[in-house]
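Undergrad: Taking our numbering, the leading residue of the sequence shown gets -18, the next gets one more, and so forth. Even glycine gets a Cβ: it sits at the ideal position worked out from N, Cα and C.
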Amino acid sequence: MSTPWADRIAISRVWVAGGAAFLLSLIANALVRILVKAVFPISHLFVALQEWQGIIFFTFIGVLGATVVFAVLARLTKHAIKVFRGLALILLLLSFIPNILMLTTNGPGATVPAVASLMVMHVITAGITVWLLTTWPRVRA
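(1) Can you grab the Cα-Cα spacing for the pair T110 / G35, in whole Å?
(2) Hey, would you say V50 sits closer than 8 Å to F65, going by beta carbons?
(3) Looking only at its own chain, which residues have a Cβ that is under 6 Å from the Cβ of F21, when we skip the five neighbours before and after it?
(4) Compare the beta carbon distance of L7 and I37 with 8 Å and say whether it is the shorter of the two.
(5) CB-CB under 7 Å to V101, same chain, minus the five flanking residues each way: which ones, in chain order?
(6) If you run the structure through DSSP and keep just helix, strand and coil, what is R(-6)?
(7) Any idea what DSSP makes of R119, helix, strand or coil?
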């Protein structure tokens, strides 16, 4: 929760939090992938859940983007945490658009469980990243 005073953010800690967010998100997403593939019949045509490279790459890009945005906000705004949380929610919702399009355009192997699992990965990554970026780098007065 933001105080009436400006958020005090240690930029060096932002990068550490971003790295930790990537590692934790990657572990969580790997567990989701393993669980989903064990429980649901995911088509081999649904490449997003077949290859580890895609999960690693897109998790990295998402967390890196969030970390850079948070670092910039910490430099430019007094209330970086509040602004970042709102922006993160909007971007999370926008990240669902390609997933929904996979279903509506009959993407190869796209089923509700397969696409929903990608959306769950987005939520998990966003939750971990927002939590770590808005807590670890804060400097208490």
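TA: Taking the definition as stated:
(1) Translated into the one-based positions of the sequence shown, residue 110 becomes position 129. Translated into the one-based positions of the sequence shown, residue 35 becomes position 54. Near 19 Å, if we compare the C-alpha coordinates of G35 and T110.
(2) Start at 1 with the first residue of the sequence shown, and residue 50 comes out as number 69. Start at 1 with the first residue of the sequence shown, and residue 65 comes out as number 84. Yes.
(3) Numbered from its first residue, the sequence shown carries residue 21 at position 40. P94.
(4) Residue mapping note: residue 7 aligns to position 26 of the sequence shown, counting from 1. Residue mapping note: residue 37 aligns to position 56 of the sequence shown, counting from 1. With respect to I37, L7 sits close: the two C-beta atoms are nearer than 8 Å.
(5) For the purposes of this step, residue 101 is identified with residue 120 of the sequence shown, where counting begins at 1. Cβ-Cβ distances below 7 Å link V101 to V13 in the same chain, with the five nearest sequence neighbours on each side left out; the list follows chain order.
(6) Residue -6 sits at position 13 when you count from the first residue of the sequence shown. Per DSSP, reduced to three states, the secondary structure at R(-6) is helical.
(7) What you label residue 119 is simply residue 138 of the sequence shown in a count that begins at 1. The answer is strand: DSSP assigns R119 an E or B state.
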